[in-house]
Amino acid sequence: MPSYRDFHRESIDDPEGFWRREAARIHWETPFSDVLDRSNPPFARWFCGGRTNLCHNAVDRHLAARAQQDALIYVSTETGIERRYTYASLHAEVNRMAAVMRSLGVKRGDRVLIYLPMIPEAVFAMLACARLGAIHSVVFGGFAAPSLAARIDDARPALIVTADAGARGGKVIDYTPLVDEALSRAQHAPAQVLLIDRQLAPERLKAPYIVDYEPLREQYFDAHVPCEWLESNEPSYVLYTSGTTGKPKGVQRDVGGYAVALAASMEYIFEGRPGDVMFTASDIGWVVGHSYIIYAPLLAGLTTVMYEGTPVRPDGGIWWRLVEQYRINLMFTAPTAIRVLKKQDPALLRAADLSSLRTLFLAGEPLDEPTAAWIGDALGKPVVDNYWQTETGWPMLAIQRGVEALPQKLGSPGVPVYGYDLRLLDEHTGEPCASGDKGVIALGYPLPPGCMSTVWGDDARFVKTYWQSVPGQHVYSTFDWGVQDDDGYVTILGRTDDVINVAGHRLGTREIEEALSSHAAVAEVAVVGVNDAVKGQAAIAFVVLRDAGAVDDPDAAKKLEAALAATVDRQLGAIARPARVHFVSSLPKTRSGKLLRRAIAALAEGRDPGDLPTIEDPAALVLIREVVMGRG
Ligand code: AMP
Numbered sequence: 001m002p003s004y005r006d007f008h009r010e011s012i013d014d015p016e017g018f019w020r021r022e023a024a025r026i027h028w029e030t031p032f033s034d035v036l037d038r039s040n041p042p043f044a045r046w047f048c049g050g051r052t053n054l055c056h057n058a059v060d061r062h063l064a065a066r067a068q069q070d071a072l073i074y075v076s077t078e079t080g081i082e083r084r085y086t087y088a089s090l091h092a093e094v095n096r097m098a099a100v101m102r103s104l105g106v107k108r109g110d111r112v113l114i115y116l117p118m119i120p121e122a123v124f125a126m127l128a129c130a131r132l133g134a135i136h137s138v139v140f141g142g143f144a145a146p147s148l149a150a151r152i153d154d155a156r157p158a159l160i161v162t163a164d165a166g167a168r169g170g171k172v173i174d175y176t177p178l179v180d181e182a183l184s185r186a187q188h189a190p191a192q193v194l195l196i197d198r199q200l201a202p203e204r205l206k207a208p209y210i211v212d213y214e215p216l217r218e219q220y221f222d223a224h225v226p227c228e229w230l231e232s233n234e235p236s237y238v239l240y241t242s243g244t245t246g247k248p249k250g251v252q253r254d255v256g257g258y259a260v261a262l263a264a265s266m267e268y269i270f271e272g273r274p275g276d277v278m279f280t281a282s283d284i285g286w287v288v289g290h291s292y293i294i295y296a297p298l299l300a301g302l303t304t305v306m307y308e309g310t311p312v313r314p315d316g317g318i319w320w321r322l323v324e325q326y327r328i329n330l331m332f333t334a335p336t337a338i339r340v341l342k343k344q345d346p347a348l349l350r351a352a353d354l355s356s357l358r359t360l361f362l363a364g365e366p367l368d369e370p371t372a373a374w375i376g377d378a379l380g381k382p383v384v385d386n387y388w389q390t391e392t393g394w395p396m397l398a399i400q401r402g403v404e405a406l407p408q409k410l411g412s413p414g415v416p417v418y419g420y421d422l423r424l425l426d427e428h429t430g431e432p433c434a435s436g437d438k439g440v441i442a443l444g445y446p447l448p449p450g451c452m453s454t455v456w457g458d459d460a461r462f463v464k465t466y467w468q469s470v471p472g473q474h475v476y477s478t479f480d481w482g483v484q485d486d487d488g489y490v491t492i493l494g495r496t497d498d499v500i501n502v503a504g505h506r507l508g509t510r511e512i513e514e515a516l517s518s519h520a521a522v523a524e525v526a527v528v529g530v531n532d533a534v535k536g537q538a539a540i541a542f543v544v545l546r547d548a549g550a551v552d553d554p555d556a557a558k559k560l561e562a563a564l565a566a567t568v569d570r571q572l573g574a575i576a577r578p579a580r581v582h583f584v585s586s587l588p589k590t591r592s593g594k595l596l597r598r599a600i601a602a603l604a605e606g607r608d609p610g611d612l613p614t615i616e617d618p619a620a621l622v623l624i625r626e627v628v629m630g631r632g
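Quick note on numbering: the numbering used here labels position 146 of the sequence shown as 146, and the sequence is numbered without any gaps.
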């Protein structure tokens, strides 16, 4: 085993040699001719000319050696259902789903929008798309109808796959009325919606465009659908994520590069071996779900555990009991979940036999030191923080125990992962930061395999957004602040843009502002993120009303606050609901009219906003401070 430093160095100095070797981890129906095409920067094409298929590599390829091994264990504490699928039965289900999709006209290159709760059919649908060469776009089930409609219009899917309902914390959430509303709002609605009927919703919508899955599954029970061999750089999926503008970006990923990067990460970062059991507690609607509930564990021949439910229902011991029951070796979740569990009775953790568990991985938001220390002590197992984002698809920073188990440093997710030429750059000059100085975390060209290839349908946006934001440098910006120490360890210091992270969910403050502005009473609004003990951050809104008198009496203010929250629920979904709405008479702005969000966020957290020479009306800042203190 080489040292971490040699391994990383080689991946940067000789990416062709490095990744040629790693590419042997997957099956290539046609070998690639070039490892890397750098002819059109900042675009990078990996494994050019090679033909492969994600579904073949995740499922079919394992039939020879592990047909009877569990591929997917499904547990729902919402419905009490547990199901196990071996690689053979997963193969059969994926073929059925692929045959059904094909019968509905889905073909290579078509988009299929998947709006599903955490049910096995979501896995079948994603893998069926991969099999057919169709491009899946999974939309998190917590998003509301207008958000769904915006994604439909951007992706223009040939088919939507949905269910009658999701469930969370014992509450059933009807999906079909949401889909119905989204379809009526969208300009590019598909003609058909495939419905998985869980029989949870008391009365599901029976619109004429709805096609029931179950009878079709029966019809295609014995179907075999061959895998489409795709050129490595054809799109595999589009996953929308929030940015600085109100319009979410479709992060587009390739086929071959993604398969190779994930397969390699299972060994070097996650130390997952064929036959291991991995439980990633996330949602298929997020990138962690795509990469580490579905593709990576299956590509590497593991068993993946898919869980529908919360970490505290029926009680705070449920996840630990799952570890015991299914002999889980690797667990992956977000720090928020651990902060929630930390409040539970520690006896629940101690009561379970956790001897199978080797490592707990945490990502998606900053891991605070007390939480890291608590869970590390409680489990007595390594806790590996890892830093990445929807765009990269797999970790950028981590202690790569499968390469060399460098010591951990509390507060840092670790050192740059092989393949990533990660640098800290000065936000004004673009020059490299000295160690210990705060800078923008950037990545040199080319991005390694598995990272986004472009913004769906908008190459110009990919170039402009990600590659032209650090002055004088052709580098990819992560839009995160960081600081690197002399040993190369990086600590994340928050976003450089207007994106916030609530319970590991990435939200654009602009999107929340737009939703609030759609309410007739609102004249102006600023949304910022503030520290939250459990969720990491919480969204706080400062609203200027058209009629300031509307909130003169406290009851009226409470009512309006509730109405504004409901507006966000309807427009974006409850995950984006601001934790608090403050009414103010003006908002602090620069002389050119730009909102001083960072200053507002500082005040909302009780910090000093610093020097603001360009402020138009300093009284507006005083007002924010008073409002926050008065109600805080
Ligand atoms: P998402 O694209 O939703 O996965 O969100 C990615 C963002 O979450 C990153 O740009 C960071 O701001 C934050 N993030 C993810 N992982 C970590 C981590 N381990 N430590 C600190 N921040 C993180």
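Note that the Cβ used here is the ideal one computed from N, Cα and C, for glycine as well.
Around I328, the same chain offers V277, M278, F279, V305, L322, S356, L357 as residues with beta carbons nearer than 8 Å, after the five sequence neighbours per side are excluded.
For D34, the secondary structure class from DSSP, reduced to helix, strand or coil, is strand. Relative to the ligand AMP, the beta carbon of N501 is positioned inside 6 Å of a heavy atom.
If you ignore the 5 residues before and after L63, its C-beta comes within less than 8 Å of the C-beta of Y87, A88, H91, all in its own chain and listed in chain order. Using a 10 angstroms sphere on the CB of K249, the tally of other CB atoms reaches 16 or more, which defines it as buried.
Relative to the non-hydrogen atoms of the ligand AMP, the Cβ of I492 comes within a distance shorter than 6 Å of at least one. If you draw a straight line from the Cα of M1 to the Cα of V403, it is about 7 Å long. Within the segment 68-153, the runs of alpha helix (DSSP H) at least 4 residues long that lie entirely inside it are, in chain order, 87-103, 120-132. Of G504, V528, M629, the smallest CA-CA separation from V287 is found for G504. A distance criterion of 6 Å places the beta-carbon of T241 in contact range of the ligand AMP, judged by its closest non-hydrogen atom. Our two residues, I318 and Q389, have alpha carbons roughly 28 Å apart in a direct line. Proximity of the beta carbon of T371 to the ligand AMP is not indicated: no heavy atom of the ligand is located closer than 6 Å. With a threshold of 16 other beta carbon atoms within 10 Å, I81 falls short and is exposed. CA-CA distance, L603 to N57, rounds to 51 Å. Buried is the label assigned to Q484, since at least 16 other Cβ atoms lie within 10 Å of its Cβ.
Counting along the chain, A186 sits inside no alpha helix (DSSP H), nor does DSSP assign it H or E at all. Residue environment: N40 is assigned as exposed (fewer than 16 neighbouring CB atoms within 10 Å of its CB, all protein chains considered). Look at the beta carbons and you see the segment 194-202 touching the segment 211-220: at least three pairs across the two are nearer than 8 Å.
Non-local beta-carbon contacts of A363 in its own chain, meaning distances under 6 Å to residues more than five positions away in sequence, involve N386 in chain order. R506 has its Cβ nearer than 6 Å to a heavy atom of the ligand AMP. Q484 carries a strand assignment under DSSP once its states are collapsed to helix, strand and coil. Closest in alpha carbon position to N501, among V522, V490, D532, is D532.
Listed in chain order, the non-local C-beta contacts of G50 below 8 Å within the same chain comprise A23, W28, T30, P31, F32, S33, E231, S232, G256, local neighbours out to five positions each way being set aside. In this structure the segment 235-243 lies against the segment 254-274, because at least three pairs of beta carbons, one per stretch, are closer than 8 Å. Relative to the non-hydrogen atoms of the ligand AMP, the Cβ of G141 never comes closer than 6 Å to any of them. Straight across, the Cα-Cα distance linking A526 with R510 is about 8 Å. Taking C-beta atoms under 8 Å as the contact rule, G414 and Q473 fail to qualify, at a distance of about 24 Å. For the options L116, R131, R151, C433, the alpha carbon positioned closest to that of W481 is the one of C433. From the listed residues R168, A163, A167, the smallest Cα separation to D180 is found for A163. V340 has its Cβ no nearer than 6 Å to any heavy atom of the ligand AMP. When secondary structure is reduced to three states using DSSP, N386 falls in the strand class.
Counting the other CB atoms within 10 Å of its CB gives K535 a total of 16 or more, which places it among the buried residues.
Per the Cβ contact rule, the segment 129-141 is in contact with the segment 94-112 (3 or more Cβ pairs under 8 Å).
In this structure, the alpha-carbon of A134 lies about 9 Å from that of M126.
In the structure shown, I328 falls within a coil segment according to DSSP collapsed to helix, strand and coil.
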